[in-house]
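Heads up, the thing below is written out as structure tokens.
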Amino acid sequence: MQVVYERCCGLDVHKRSVTACALTPEGKAVRTFGTMTEDLLELADWLKGQGCTHVAMESTGSFWKPIYNVLEATEAFTLLVVNAQHIKAVPGRKTDVKDAEWIADLLRHGLLQPSFIPSREQRELRELIRYRQELVDERAREANRIQKVLEGANIKLSSVATDILGKSGREILKALIEGQTDPEALADMAKGRMKAKREELRRAVQGMIGDGLHG
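The sequence shown: position 41 = 41 (full-length UniProt numbering), numbered continuously.
Encoded structure:
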């Protein structure tokens, strides 16, 4: 079978270790590294020492990401991240061949189909967007829980306030937790556009609050 990349490496990635198998004209070299940044920098130096030009790894969970980040930063290798199912689907593997060696062998002969990996800037932006969405979703869940508690105490704040966690809502919630039950006093805490709904708000916050709602 034709050799496409003469100096390449396959990585078997795990949570706490990564096994590298380098294939070169001089032969095969296998070594295992940790996954701390210091260990991965050592991996990068080892790959350079082996003269590797191409490095492939499975897209196992998120374990591949720190390795990819370190190797990408060196600008010394062409990196391939491959779906594990694709690797398993390639026929011809012998039972005694280790994962790293099999990945390296497939890479050497140009038999791997890499996944598209966005640039580092795009990946970081995606992570921030994803995290922001998680926070937005969590806020919505908490608002629903608070609303249910208020409804159980006959307080209809959500009927007047579009967002019970808005400025006016937070002020009223804080007062309720601190023990304020006077509808007039609570209605006076309205801010901005909520001031126009003061009378409606006064009626909405007249509830039946037990001691469990107070902090």
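We treat Cβ as the ideally placed atom computed from N, Cα and C, and that holds for glycine. Only a predicted model underlies this, so the values are computations on that prediction, with no experimental measurement involved.
8 Å Cβ cutoff met for residue i and residue j
i: A161; j: M194; result: yes
i: R108; j: L23; result: yes
i: A44; j: R31; result: no
i: residue 293; j: V82; result: As shown, the chain starts at 1 and ends at 215. That puts residue 293 outside it, with no answer to give.
i: K167; j: K197; result: no
i: T53; j: A84; result: no
i: A104; j: C8; result: yes
i: F33; j: V18; result: yes
i: L176; j: I209; result: yes
Residue i versus residue j - alpha carbon distance
i: T37; j: V70; result: 8 Å
i: A143; j: I164; result: 7 Å
i: E178; j: E199; result: 22 Å
i: D99; j: A76; result: 23 Å
According to DSSP, residues forming a beta bridge with residue i
i: H54; result: C8, T78
i: P114; result: V82
Burial state of residue i, where buried means 16 or more other Cβ atoms lie within 10 Å
i: S115; result: exposed
i: S62; result: exposed
Range covered by the beta strand (DSSP E) that runs through residue i
i: V30; result: 27 to 34
Boundaries of the alpha helix (DSSP H) in which residue i is found, first to last residue
i: V18; result: No alpha helix (DSSP H) contains V18, which is instead part of the beta strand (DSSP E) from 17 to 24.
i: G152; result: 120 to 152
i: P183; result: 183 to 187
i: A204; result: 198 to 204
i: K174; result: 167 to 177
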